[in-house]
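By full-length UniProt numbering, the letter at position 202 of the sequence shown is numbered 202, and the numbering carries on one by one without gaps.
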Amino acid sequence: MDYEKLGLKAGIEIHQQLDTAEKLFCRCPTCLRDTSERTGEFYRYLRATESELGEIDRAAREEMKLVRKFCYYTYDTVCLVEHDEEPPAPMNPEALEVCLTIAKMLGMTPAEQVHTMRKLVIDGSNTSGFQRTALVALSGALPDGCRIETLCLEEEAAQRIEDETFSLDRLGIPLIEITTAPCMHTPEAVQEVAAHIGMVLRSTGRVKRGLGTIRQDINVSIADGARVEIKGVQDLDLIAEVVRREVERQVNLLAIRDALRARGARVDHTVIDVTALFAGTASSILKKAKSILAVRLCGFAGLVGQEIQPGRRLGSEMSDYAKKCGVGGIFHTDELPAYGVTAEEVAHLREFVGAAEEDCVVIVAAGRERAGCAAEQVMIRAEMALSGVPEETRKMLEEGSTAYMRPLPGAARMYPETDVFEVTIDEALWESIKVPELLTGRAERFVREFGLDEGLARQVAFSERLALFEKAVAAGVRPTLAARTLLATCRELARDGVDVTRVSEEEILALLAAVEAGRAAKEAIPDHLTELARTAGGAGTPEERVDAAIEKMGPAVSQADVEAIVRRIVAEREAFAREKGMGALGPLMGVVMQELRGSVDGKVISETLRRELKRLLS
């Protein structure tokens, strides 16, 4: 697509969990728990509150279409603040400090006072019905002239377990929200900016790592379309594809709009009860429904079933809106007969509602109240199709397509938090904030100072094991040995089913120190790590446990023993060695290594074998 011609504009909101000791508004730890460890559960109904001007936010009003009972799992690491049964504590100063550090790294201007606000959220992800958020800094710089607009500090939401069940261990973890201007004009630019911001965040060493700790919300629009917010993109590599598919969706919706207008299409707002028509139906869905209602969309035939992005049609959009009323979905005549509905039943349906050949009929099946609500939602979305692209919040689906969540929120969503005092950011506090080295700069330094190749240096700098690598090097471990052990060796062991996470950092440092001291061979590191993982939790200090793992490999092999073994192996293969000359070094090296089983450093074996071959050949 010609994104410049289409007028693509995109911005990002990045949400990153901070790695603080305590949550944002209570003193609970920021650890995640397994649901099997829960100590209890309770239930809540949530409803929207009015803003200061007496308005209810349109997104919250949408969530209230269906009354839902939410269940919350609680733990011994969760307090009454998460239960919404106790006022919040003052803002966590450690979390604010991390926010200010990131703001300074991005060249932002801090707010003179940080005021906490309440953001209305009644989708079940917060027990209080709102999320606390605070503006910390404004206006920052990004590569290629793009800019950051705001940086906020807010509470992480509760983790959805399934349907209306949430876990409170995650609720309240400090979360930074960075919002850019709509300054990106290609899908690739969006992904590049997200990668840059992610690199800045990780450079602090004070953000959580792993799946679910960072999420990107992407705002996308084209010239004749509308601003759409896509929530919860967790995979950096999918960002460009999400943008491409959203542009495709908007282009196709605009084409459908033009086709509908050319046909003089309209929505018949008469909802028709067709329950009796399907009294003897073979469709399992329609058979058990108490009420089946039909809506006639005049001039929509063939367009409701038209694909607008991979795996999604205009009918999918209508179904998303209907599901807000608690129904499972919709049927429409662009896809019928199907799902047990016969061609004869479709013909009777069209005749009963007075549908012409160019009309599409949509049916919803549920209880009377839910079916009526769903039919109304279908008509609302069909009217939107006549206008083009609706402004809305969407969720990402697998592979990058999206589905409707709710309307975009308005100003009524935010109102002041009266239970939290403001925090002043004076000049002394701002000046005390130290700016850490960027990971990109650190990778360049590793090349310069340690002689690592650029690829390995970048892997180390961006790895979750960075701090351990720096500790190992500071303790005298060769940088290449530390890097390859922490990256390649640990990764290969994990692929083989070894749970390397059970080996403590102290044990890894002790093992690397033993290799450098000559008490263990670097070739035996995988075997030693495997043994340490197998016996994790055993008695003894890290050094003692490492010594035990080394001893299990057998007694140390002296240089004299190595020379004797090498002489024997070369003598047994003398003909081969004389035929190949020094080319026999590689094959014979494998034979010697197999016999010594990693108990001797490969460099020692190689030098010994090289000397023996030269002696033989001379």
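Glycine included, C-beta positions come from ideal geometry on N, C-alpha and C. Every value quoted in this text rests on a predicted model; they were computed, and no experiment measured them.
- Residue 367 sits in coil when the DSSP states are folded into three classes, being neither helix nor strand.
- By the CB criterion at 8 Å, residue 199 and residue 10 fall outside the cutoff.
- Excluding sequence positions up to five before and after residue 514, its CB lies within less than 8 Å of the CB of 520, 546, 547, 550, all in the same chain and listed in chain order.
- Going by DSSP, residue 232 is part of the beta strand (DSSP E) stretching over 228-233.
- Relative to the Cα of residue 511, the nearest Cα in the group 472, 352, 467, 496 belongs to 472.
- Under DSSP, residue 332 forms a beta bridge with 362.
- In the structure shown, the three-state DSSP call for residue 1 is coil.
- Looking from the CA of residue 112, the closest CA among 205, 425, 461, 214 belongs to 425.
- Counting only unbroken stretches of 4 or more residues, the alpha helix (DSSP H) elements lying wholly within the stretch 371-456 are 427-432, 439-450, in sequence order.
- Listed in chain order, the non-local C-beta contacts of residue 122 below 6 Å within the same chain comprise 46, 48, 60, 63, 129, local neighbours out to five positions each way being set aside.
- Beyond the five residues adjoining it in sequence on each side, residue 483 comes within less than 7 Å, by CB distance, of 452, 456, 460, 469 in the same chain, given in chain order.
- If you draw a 10 Å sphere on the C-beta of residue 331, you find 16 or more other C-beta atoms in it, and that means buried.
- Between residue 227 and residue 317, the alpha-carbon positions lie close to 16 Å from each other.
- A residue is called buried when at least 16 other Cβ atoms come within 10 angstroms of its Cβ; residue 582 does not meet this threshold and is exposed.
- Where residue 559 is concerned, the enclosing alpha helix (DSSP H) starts and stops at 559-572.
- Annotation: residue 233 to residue 190 spans about 12 Å, alpha carbon to alpha carbon.
- The beta carbon of residue 441 sits closer than 8 Å to none of the beta carbons in its chain outside the five residues before and after it.
- The DSSP-derived three-state label of residue 273 is strand.
- For residue 174, the enclosing beta strand (DSSP E) stretches over residues 174-180.
- Under DSSP, residue 152 forms a beta bridge with 135, 177.
- By the Cβ test, the stretch 96-104 is in contact with the stretch 196-213, since at least three Cβ pairs between them sit closer than 8 Å.
- With a cutoff of 8 Å on beta-carbon distance, residue 134 and residue 154 are scored as near each other.
- A contact is defined here as three or more CB-CB pairs under 8 Å, and the stretch 382-392 fails this definition with respect to the stretch 23-35.
- Closest in alpha carbon position to residue 73, among 37, 293, 561, 356, is 37.
- Going by beta carbons, residue 141 and residue 172 fall outside the 8 Å limit.
- In this structure, DSSP gives residue 550 a helical state, which the three-state scheme calls helix.
- The beta carbon of residue 516 is closer than 8 Å to those of 476, 477, 478, 481 in its chain, skipping five residues each way along the sequence.
- Residue 596 places its beta carbon 8 Å or farther from that of residue 569.
- Spanning the alpha carbons of residue 220 and residue 69 requires a straight line of approximately 33 Å.
- By the CB criterion at 8 Å, residue 407 and residue 58 fall inside the cutoff.
- The stretch 288-302 makes contact with the stretch 339-359, as at least three CB pairs between them are under 8 Å.
- At least 8 Å separates the beta-carbon of residue 91 from that of residue 416.
- When the Cα atoms are used, residue 613 and residue 522 turn out to be separated by approximately 24 Å.
- When secondary structure is reduced to three states using DSSP, residue 287 falls in the helix class.
- Residue 217 has 13 as its beta-bridge partners, per DSSP.
- Put simply, the backbone Cα of residue 543 is about 11 Å away from that of residue 504.
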